[in-house]
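Working notes for the structure below.
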Amino acid sequence: MERAEMLAYCLAKPGAWLDRPWEGDEVVKVGSRIFAFLGSGAGNPTVGIKCGPTREVADEWLHRHPDDARVMAYIGRSGWNTLRLDGGIDDEELTEAVDSSYDMVVAKLPKRERPTA
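Every position in the sequence shown, counted from 1, becomes a number in this note's numbering once 284 is added.
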């Protein structure tokens, strides 16, 4: 999957919007929270997403895709992983992972910030 395709997929989610909180890095948020980290676009294309409610659940990705998944820096202990877009993870599995990350983040939003669509 190309980075531009992943960005478009993320932005098509209800209430999603693009933010650049750090110079050169792009993230996609719903409400006030990030559900996908897309970085700067330099190097191998990746997406950072919440892969489980706990580190133990998110570790399943590391076992299934040892060459294409890694624990995300700083927030990995909370179930976040970085997944390669141009590796061995198929597009359908990547989009399902984004859907899951989005759903987990929306569930934690205050009701006033949740998308209505």
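Ideal placement from N, C-alpha and C gives every residue a C-beta, glycine not left out.
Classify residue i as helix, strand or coil using the three-state DSSP reduction.
i            : result
arginine 398 : coil
leucine 369  : coil
lysine 297   : coil
alanine 326  : coil
Which residues in the same chain as residue i place their Cβ atom closer than 8 Å to its Cβ, once the five residues preceding and following it in sequence are excluded?
i             : result
aspartate 352 : Leu367, Arg368, Gly371, Gly372, Ile373
leucine 378   : Met285, Met290, Val331, Leu367, Leu369
valine 394    : Per the sequence presented here, residue 394 reads as proline, with valine not at that position. Contacts found: Gly315.
serine 385    : Phe319, Ala320, Ile333, Lys334, Cys335
Are the beta-carbon atoms of residue i and residue j separated by less than 9 Å?
i          : j            : result
valine 390 : arginine 398 : yes
valine 355 : cysteine 294 : no
Among residues of its own chain, excluding the 5 on either side of residue i, which ones have a beta-carbon nearer than 7 Å to its beta-carbon?
i           : result
glycine 363 : Lys334, Cys335, Gly336, Pro337, Thr338, Arg339, Val341, Ala342
proline 305 : Val311
I think residue i touches residue j, with their Cβ atoms under 8 Å apart; what is that distance to the nearest whole Å?
i                 : j          : result
phenylalanine 321 : valine 311 : 5 Å
Kindly examine the ligand ADP and report whether one of its heavy atoms sits closer than 8 Å to the Cβ of residue i.
i            : result
arginine 396 : Among the components of this structure there are no ligands whatsoever, and the ligand ADP is therefore not found.
Just to confirm my understanding: we take residue i, look at its own chain, exclude 5 residues before and 5 after, and list those with CB closer than 6 Å. What are they?
i           : result
proline 329 : Arg287, Leu369, Asp370
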